[in-house]
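Residue numbers (mature numbering (1 follows the signal peptide of the UniProt record, and there is no 0)): -24 to -1, 1 to 108. Every residue gets a Cβ at the ideal spot worked out from N, C-alpha and C, and that includes glycine. Accompanying notes for the structure given below.
Here is the structure:
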């Protein structure tokens, strides 16, 4: 008799435990899309030669609307410039497209980096430029 009661209690506990578990719910929550900045421009220039650097901003597969761009600047710094880069405000040349035109007065290696904040995300791609 005790054996039957023990088996019944164990079975009841297993049944209640199994019924109390909720199945995993599939979420249709949208995965966050990456903020992508396609930075383009010449990687080699002559001293005092002008170059155009362009940032095309997309969010997922869509171009970012200009109203969604919270901040965009281009930073130009000579390698080993010890954080003494100069920040430039680009001009808007299209929906989600910004550019600067600049030249380098001294030979050396420089970085051109765009700082972009849009839709709560930040992206900072860079191009290394060799000036002869």
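For residue 75, which of 106, 84, 51, -18 has the nearest alpha-carbon? 51
List, from N- to C-terminal side, the beta strand (DSSP E) runs of 3 residues or more that fit wholly inside the segment 3 to 36. 11 to 16, 26 to 35
At the level of alpha carbons, what is the spacing between residue 71 and residue 59? 31 angstroms
DSSP beta-bridge partners of residue 105: 86
As a quick exercise: from 65, 106, 15, 41, pick the residue whose alpha carbon is nearest that of residue 29. 15
Less than 7 angstroms between C-beta atoms, sequence neighbours within five positions excluded: which residues of the same chain meet that for residue 68? 42, 74
Output yes or no for whether 7 angstroms exceeds the beta carbon distance between residue 19 and residue 107. no
Range covered by the beta strand (DSSP E) that runs through residue 63: 62 to 64
Quick one: grab the DSSP three-state call for residue 95. coil
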